[in-house]
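Residue numbers (my numbering): 62 to 214.
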């Protein structure tokens, strides 16, 4: 069986500050430059429900990234945040093509992410290591937040 890959744009959309969280938003879109604005708002609503409070504790840093992926078969919103130095909390929400705005939490299903979404996670992992874990700078969270992915992959 011959499998193939078609590149999609992965774009940094915005840095969003909410309830002491600093959240990097990324967009992936099949057949276009970025997801429709309504999906960014849905992702913000999901973030309000899923991100723990308080945002900053001894083990949590108030730093997250969210990926909004709009595609033909289904849409996904992935919410990730850093805790305990090197641990990533990961939640996945999916909306089927017949109801593209009705997102359900599928984290427990084991279905996680595709190759495009994995690129965001890989980039964020490396940015976290380089700008936070290996940095001697006390403003390392700001340096991390300024590392942003924009590429076709």
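Glycine is no exception: its CB is placed at the ideal position from the N, C-alpha and C atoms.
If you measure between the beta carbons of residue i and residue j, is that distance less than 8 Å?
| i | j | result |
| --- | --- | --- |
| residue 154 | residue 165 | yes |
| residue 107 | residue 140 | yes |
| residue 126 | residue 156 | no |
| residue 194 | residue 147 | yes |
| residue 124 | residue 83 | yes |
| residue 91 | residue 137 | no |
| residue 65 | residue 111 | no |
| residue 133 | residue 169 | no |
In the DSSP output, which residue or residues are listed as bridge partners for residue i?
| i | result |
| --- | --- |
| residue 181 | In DSSP, residue 181 forms no bridge with anything. |
| residue 88 | 72, 129 |
| residue 77 | 84 |
| residue 213 | 70 |
Measure the beta-carbon distance from residue i to residue j and round it to whole angstroms, keeping in mind my assumption that it falls under 8 Å.
| i | j | result |
| --- | --- | --- |
| residue 85 | residue 209 | 7 Å |
| residue 177 | residue 214 | 6 Å |
| residue 96 | residue 129 | 5 Å |
| residue 211 | residue 73 | 5 Å |
| residue 202 | residue 122 | 6 Å |
Exercise for the section: Report yes or no: do the segment 92-109 and the segment 181-201 share at least 3 C-beta pairs separated by less than 8 Å? Expected result: no
Practice task
Scan the segment 119-197 and note each continuous beta strand (DSSP E) run of 3 residues or more that stays entirely inside, going in chain order.
Solution key: 121-131, 135-144, 148-157
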